[in-house]
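Just so you know, we're using the numbering used here here: the sequence shown kicks off at 1 and counts up by one.
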Amino acid sequence: MAAAPSQIKQIFLTAIEQYSPDQWPIFIEQACADDPDLRQRVEVLLKAHVADGSQFDQPAISPPPTSVATVTEHAGETIGPYKLLEQIGEGGMGVVYMAEQIEPVRRRVALKIIKPGMDTKQVIARFEAERQALALMNHPHICKVFDGGTTESGRPYFVMELVRGMPITEFCDHQKLGTRDRLRLFLQVCQSVQHAHQKGIIHRDLKPTNVLVTLHDGVPVPRIIDFGVAKALHQPLTDKTLFTNFAHMIGSPLYMSPEQSELSGLDVDTRSDVYSLGVLLFELLTGNLPFDREKVKRSGYEEVLRMIREQEPPRPSVLVTTLHAEAQSTVSVKRNCDARTLHQTLKGELDWIVMKALEKNRTRRYESASALAADIEHHLADEPVNACPPSLVYQLNKLLRRHRVALTTTAIVALTLIIATTVSTLMAIHAMNASQLAEESLDELEQAAATTNMALQEKDAAWQKVATLGQSWYPVMISKVDRLIREQKYSEAQSHLDIFNQDNELSSLRGFEWSYLERHLAPNGQLLRGHTENVYSVSFSPDSRMLASASADYTVRLWEPSTGKLLRVLRGHSNDVNGVAFSPTNDLLATTSDDQTVRLWDPNTGVEIVELQGHQDMTTGLAFTPDGKLLVTGDAQGMLIFWDVSTTEIVRRVQAHPGRIHYVCFNSAGTKVATSGEDHVVRVWNMDPIDHLFSFDAPKGTLQLQSVAYQPGTDRLFACYRDGGMIRVWDTNSGELRSEFKTEHYLLGLGFSPDGEKLMTPAHRQVTVFNSNGEIFLQEADYPLGGNLTSWHATYSPDGRLLAAGARHDILLIRNDETPLHHLLCQFDSPITCLSAAPDGQSVAVGGPDGSLRWLDLFDGRDVFHQGAHDGAVTSARYSVDGRWLVTGGHDHQLKLWDANYRQLLKTIETLSAPIRDVAFSVDGNRLAASDGRKVQFWKTSDWTRIDTWPIEEVAHLGFSNKGSVIMAHGRMTLRSSKGLALPIYGPHNELVSMAVSADGTMAGFVEHTWNPLLLDLANYEPSEHPLENNTIQRLDRQRNHLLIAVGMTHDGRTMATVDSRGHLALWNTETGTKLLLRSLSELTRLPDLFLSVHLEFTPDDSALIVGLNPDWSERQLTTDEERPQGVVFVISHPTRLKSNSHYPGQLAEVGNQE
1 MAAAPSQIKQ
11 IFLTAIEQYS
21 PDQWPIFIEQ
31 ACADDPDLRQ
41 RVEVLLKAHV
51 ADGSQFDQPA
61 ISPPPTSVAT
71 VTEHAGETIG
81 PYKLLEQIGE
91 GGMGVVYMAE
101 QIEPVRRRVA
111 LKIIKPGMDT
121 KQVIARFEAE
131 RQALALMNHP
141 HICKVFDGGT
151 TESGRPYFVM
161 ELVRGMPITE
171 FCDHQKLGTR
181 DRLRLFLQVC
191 QSVQHAHQKG
201 IIHRDLKPTN
211 VLVTLHDGVP
221 VPRIIDFGVA
231 KALHQPLTDK
241 TLFTNFAHMI
251 GSPLYMSPEQ
261 SELSGLDVDT
271 RSDVYSLGVL
281 LFELLTGNLP
291 FDREKVKRSG
301 YEEVLRMIRE
311 QEPPRPSVLV
321 TTLHAEAQST
331 VSVKRNCDAR
341 TLHQTLKGEL
351 DWIVMKALEK
361 NRTRRYESAS
371 ALAADIEHHL
381 ADEPVNACPP
391 SLVYQLNKLL
401 RRHRVALTTT
411 AIVALTLIIA
421 TTVSTLMAIH
431 AMNASQLAEE
441 SLDELEQAAA
451 TTNMALQEKD
461 AAWQKVATLG
471 QSWYPVMISK
481 VDRLIREQKY
491 SEAQSHLDIF
501 NQDNELSSLR
511 GFEWSYLERH
521 LAPNGQLLRG
531 HTENVYSVSF
541 SPDSRMLASA
551 SADYTVRLWE
561 PSTGKLLRVL
571 RGHSNDVNGV
581 AFSPTNDLLA
591 TTSDDQTVRL
601 WDPNTGVEIV
611 ELQGHQDMTT
621 GLAFTPDGKL
631 LVTGDAQGML
641 IFWDVSTTEI
651 VRRVQAHPGR
661 IHYVCFNSAG
671 TKVATSGEDH
681 VVRVWNMDPI
691 DHLFSFDAPK
701 GTLQLQSVAY
711 QPGTDRLFAC
721 YRDGGMIRVW
731 DTNSGELRSE
741 FKTEHYLLGL
751 GFSPDGEKLM
761 TPAHRQVTVF
771 NSNGEIFLQE
781 ADYPLGGNLT
791 SWHATYSPDG
801 RLLAAGARHD
811 ILLIRNDETP
821 LHHLLCQFDS
831 PITCLSAAPD
841 GQSVAVGGPD
851 GSLRWLDLFD
861 GRDVFHQGAH
871 DGAVTSARYS
881 VDGRWLVTGG
891 HDHQLKLWDA
901 NYRQLLKTIE
911 TLSAPIRDVA
921 FSVDGNRLAA
931 SDGRKVQFWK
941 TSDWTRIDTW
951 PIEEVAHLGF
961 SNKGSVIMAH
971 GRMTLRSSKG
981 LALPIYGPHN
991 ELVSMAVSAD
1001 GTMAGFVEHT
1011 WNPLLLDLAN
1021 YEPSEHPLEN
1031 NTIQRLDRQR
1041 NHLLIAVGMT
1051 HDGRTMATVD
1061 SRGHLALWNT
1071 ETGTKLLLRS
1081 LSELTRLPDL
1091 FLSVHLEFTP
1101 DDSALIVGLN
1111 PDWSERQLTT
1121 DEERPQGVVF
1131 VISHPTRLKS
1141 NSHYPGQLAE
1151 VGNQE
């Protein structure tokens, strides 16, 4: 069969571009295998190529004659300003020399020049592409390009950094580096490749000889070289014609990705380099390649490509066990361990990481080099890795896809089994062999899965024991923390809370009381935890939706301030991260670090965009100009660098201080920039042109200038001094000192509110707020953090609602609404008859005796909406599970449906025969129940049609269990199923006055007019003739002689709240029945210590407790000007703003016309 033209072209192009002339015979021998016709045609092409002025004039594949292809340059000759010293390398299209540059600096460089006869248009284009690729990048681990030009004979050359080093695999073996040290070195390679990808460059030929390692002061530093076959992602590398032909293989076969070897129309992307990194990592860990070198050498060209595309590589841990004894010993000794230890080290996570990088399907591979690096960092830090073993189903599907042709053939042959019995037998044998192979693979996978499951079970069992002990100890700990707070032992209290703040089973025990005490230690806010070292800097995004924190743990963390949720962790710096700042355009995040770099990130993805190099010492303060066009950074040598953000080029360098620069800030107009330094001097610079204006020395006797900040909208510059507690103010137009004032604190920084009216100063354990003149004291709040604040500056969110500062390893996030931990939301001149918290956590619906229905904002008490709802008192209100509807019942017998988002009455569901006592939604939200004291009725929420009626009288309280049964309180507690079976739960002699059921229907609490509350475990309840002997019912010992009047239950059912007539609020742990906390509502609210009625409702996320109070003023002697509210809404702890479940107005029509 004649060879295909595409195959001939493919081999020819690969030979002239990827192999040196002396390698051509070996390559042609492999590529053509046993096809003499193919070999002859390729040799004819090569002969024609030689005759056209290329490297050869011989008719067969043999080393080229020296008369044509001999390199004409020799040591001692000069090319431009470079003197050639010796030839140090040779490739398919160029020769590399070590050369010496004399002017303008004396240094040794690498000079690469196209070989004589290779100056074809295509080769020149690829040669120039390499030069352009190197010029685009600026990274300490990537070879730099210095210069370029043409020789007198017209051949192009370019000059690169001279890299003296060993291939990374040889270096690691020579130094006998252990696995962890090899991984740390490999991380730097990944970061370098990621930099190239961010510049739009794919290397396409990553292999050990292109990753050289040198020693800098005894520290190994990898350098990536040879971008000769690099590809641009987004822009052309040259204006000359350059494209990779179809069926043209680029790269070294043993390291190339499957998609590179497919020679198809599928264009390669950055994941191709990830595969090559996976091969390199495989070799670093095992000393071998995923494919046997000898087998590759013996195989033909097509067979090599097939192996790359189809053959699954062994796991690293498996490969090292299959080596013969001598090879195992050699490999392990070079890794400074024994063979057994090496196997155990590689087994598990490293296997998973390598195999994920070597995935044939690039969509299952790591997305980027940084993702691969992140997983390795997770492994080194003993954190969970993202890679995991592929599922059994996935592996079997891959097997089927890989052998699709064979299976299709088998299916066709199967049709002939009716005719050919012999063929049938052969096919059966074939099927049996395939089945046996599959069964062996399954056995291996099942054995591995069993081992993994056993380890997980042992871990789970250990944590289960810890969790079991924790359940009994948790209530004791909460009570102890409460006592420690009252004794002002804040540090000890925080350490006890922190035990349950780890990412393990103990954290699952936390309830409302834990969050309440946590907020008690950080009033008006919360502590964001995650960093493992001190937090040095914080910054809000311009839209206030993100908060960034920089830490000495080498990371930057991005948070959602509204919820405290961690969004992502940015890793890339190799030392402490000192500063962080968002650009005014909201699309960039800049960081400074002790690693002497400045980095720009995409805050929305966490991807590092570019690393800026130019500082010679650790980088410190930073700030963007208000228009976001420039970034200014300082360092520990006092150097100030102005960067053009769009080009990342340096605009100007200024020696601003003799030592470390602490802080940098701009005025609102962007016309001036101020700096503070360790020389205790404040300096002000003009921006157009960049020029020094003023220097302000520290007052005598004052130590450590800390921070500077411009007051928004003005040219007034504020500076604070740490030890003296001094704040000074200058007019930077005139340079005059305008004012100064002292505080009693050890100041760390300054932060202005967006309107410029408030000045915040973080100090030892306090955040103090002044007015902008510093003359009128506004607020001083003591935040008992159990540790010092660490941020050198504090910051307001751009919307003015939040303040943030570093607090040791945490971030103190403070709400700027000046609402205390316990705050009065609203008060009325009439009692509260019912209340219900909206599922979005932003408002509460409150009913009154006059038929009014109010929606109050949970954060500022605003009356969001107010209207008459019923003729007579609103007796009950309840939101639907999905938050779309609010149902109210009234003394006017009517049951009404409201749109919860638009606060519009949709319809009257039904008019009952008596005043409505209570309403409740089922746990799944499909049913609504209501009682009017004469009967209990049910409606289907899909169309609001009545579906059932139970003639049960005097039902005052309703609820649903998780099993769909209805709980009714009517002088006795009854559990009744939908089939009508009524089960008596508890029949007290006293009237049941209040009942609460958790949102999931698993726990109920109820109180009678006695001294003790009761708990019912609905999830496990079974009827009994002696209910109180049933272990699903607990009578809690309250030890107080006042009647209980209210009960509330958290949505998760872990905490119950009760209130007695004297306003004693108690929190109970429902697991153990233990009382956790006790508070006096009278002391918190300054209302009388006697209450007529109380309503308790937790917010949907259990972040706050809403208390509706109707005080009894009869025993209180009042002054003439004292207010006497009849109804008060009080909030304990701070609610969290949740996402609204808003819906489209069109849904209003689904339930009927608005009345």
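Beta carbons are placed, not taken as given, at the ideal position from N, Cα and C, and that holds for glycine. The structure presented is a predicted model; accordingly, all values stated were derived computationally and were not measured.
Sheet register partners of residue i (DSSP bridge)
i      : result
Asp810 : Ala807
Ile485 : Partner(s): none; Ile485 has no beta bridge.
Gly796 : A small fix is needed here, since residue 796 is Tyr in this sequence, not Gly. Leu803.
Val159 : Leu111, Asp147
Ala996 : Gly1005
Arg652 : Phe642
Lys83  : Thr78, Glu100
Beta-carbon proximity of residue i to residue j, cut-off 8 Å
i       : j       : result
Gly659  : Gly638  : yes
Val955  : Arg917  : yes
Leu856  : Thr888  : no
Thr1156 : Val1047 : Outside the displayed span of the chain (1 to 1155) sits residue 1156, for which this structure offers no information.
Pro1088 : Glu1123 : no
Arg271  : Ile142  : no
Ile1132 : Phe1091 : no
Pro1125 : Gln827  : yes
Leu521  : Tyr490  : yes
Met726  : Pro699  : yes
Residue-level contact to chain B via CB, residue i, 8 Å cutoff
i       : result
Gly1005 : Protein chains in the displayed structure number just one, and chain B is not present.
Own chain residues within Cβ distance below 7 Å of residue i, not counting five before or after
i       : result
Ser922  : Phe960, Gly964
Lys935  : Thr949, Trp950, Pro951, Ile952
Asn586  : Ser541, Pro542, Asp543
Ala794  : Gly749, Gly751, Met760, Pro762, Val767, Leu803, Ala804, Ala805
Leu319  : Thr286, Asn288
Asp1060 : Arg1040, His1042, Leu1043, Leu1044, Ile1045
Ala493  : Val481, Leu484, Ile485, Leu521
Pairwise C-alpha distance: residue j and residue i
i       : j      : result
Ser549  : Glu533 : 11 Å
Ala581  : Val274 : 31 Å
Gly677  : Val213 : 38 Å
His74   : Arg155 : 15 Å
Ser539  : Pro561 : 11 Å
Tyr536  : Asp644 : 25 Å
Glu1097 : Glu518 : 20 Å
Asp782  : Gln488 : Its pLDDT being 42, under 50, Asp782 is placed unreliably by the model, and the measurement read from it follows with that caveat. Those two C-alpha atoms are separated by around 12 Å.
Own chain partners of residue i with C-beta closer than 6 Å, once the 5 adjacent residues on each side are dropped
i      : result
Ala387 : Trp352, Ile353, Lys356, Asp375
Val96  : Ile88, Gly89, Ala110, Lys112
Arg568 : Leu558, Gly606
8 Å CB neighbourhood of residue i in its chain, flanking five on each side removed
i       : result
Asn1153 : Confidence at Asn1153 is low in this model, with a pLDDT of 34, below 50, so its placement is unreliable and the value that follows should be read with caution. Hits under 8 Å: Lys907.
Arg309  : Pro258, Ser261, Glu262, Lys360
Gly800  : Ser753, Pro754, Asp755, Asn816
Cβ distance (whole Å) where residue i is taken to contact residue j below 8 Å
i      : j      : result
Asp715 : Lys672 : 7 Å
Gln194 : Ser332 : Between Ser332 and Gln194 the Cβ distance is about 31 Å, and since that is not below 8 Å, they are no contact.
Ala929 : Leu958 : 5 Å
Pro316 : Leu285 : 5 Å
Thr555 : Leu570 : 6 Å
Leu612 : Thr648 : 6 Å
Leu640 : Ala590 : The pair is not a contact, with the Cβ atoms about 14 Å apart (cut-off 8 Å).
His203 : Phe227 : 6 Å
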